[in-house]
Structure formats: C-alpha cells, structure tokens
Amino acid sequence: MMTTPELSCDVLIIGSGAAGLSLALRLAEKHKVIVLSKGPVSEGSTFYAQGGIAAVFDETDSIASHVEDTLIAGADRHAVEFVA
Numbered sequence: 084m085m086t087t088p089e090l091s092c093d094v095l096i097i098g099s100g101a102a103g104l105s106l107a108l109r110l111a112e113k114h115k116v117i118v119l120s121k122g123p124v125s126e127g128s129t130f131y132a133q134g135g136i137a138a139v140f141d142e143t144d145s146i147a148s149h150v151e152d153t154l155i156a157g158a159d160r161h162a163v164e165f166v167a
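Structure follows, in structure tokens:
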C-alpha cells in the first residue's frame with residue numbers, strides 16, 4: 084500500500100512562476116518553504132517568457148509603448164487589448 088508523506092512548512096507558496104519562486108528564495112533564508120506547482124516548472128508561462136517580462140519603470144516609458152511592442156512582436160491584438 085502506498086502512503087502519502089506528511090510535509091510541514093512555515094510558508095506554503097502556491098505557484099512556481101517568477102513571483103512564487105522569487106518569494107520562495109527570499110523566505111527560505113529564515114523559513115522552511117514548500118512551493119506547490121500544478122505541473123512541471125518547464126510547462127508554466129514564466130518558463131516560456133524568455134526574458135520578455137516587461138514593466139513601466141520611469142516617466143519616459145508607458146503601458147501604450149509596451150502594447151505597441153507586443154503587437155509588433157506578433158501577439159494577438161485582441162489579447163493585448165484585453166490585458167491592457
């Protein structure tokens with residue numbers, strides 16, 4: 084008969100994307116952390132981002148600029164408009 088192991092932790096992080104893994108690394112210095120993922124890390128969106136994660140950092144940049152860059156790169160216009 085197969086048994087299910089009991090695990091304990093101080094912090095349970097649900098999601099193994101960039102945010103979840105970054106938080107896990109930071110908290111692991113002082114806490115016992117478990118990261119729960121619905122599948123292999125190589126199947127998530129962060130794995131496929133390939134450095135394409137973007138944000139507005141200063142007044143010379145804008146959300147509209149990111150939308151334009153995404154459309155030029157070949158994204159689905161309706162998806163970009165929905166997200167923006």
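Residues in the sequence shown are numbered consecutively from 84, following the numbering used here. Every residue, glycine too, gets a C-beta built ideally from N, C-alpha and C. The structure presented is a predicted model; accordingly, all values stated were derived computationally and were not measured.
The alpha-carbon separation between H114 and D93 amounts to approximately 6 Å. For K121, there are no CB contacts under 6 Å within the same chain when 5 residues up- and downstream are skipped. Per DSSP, reduced to three states, the secondary structure at L104 is helical.
Taking C-beta atoms under 8 Å as the contact rule, I96 and A111 fail to qualify, at a distance of about 10 Å. The beta carbon of V124 sits closer than 7 Å to the beta carbons of S99 and F130 from its chain, once the five residues preceding and following it are set aside; these are given in chain order.
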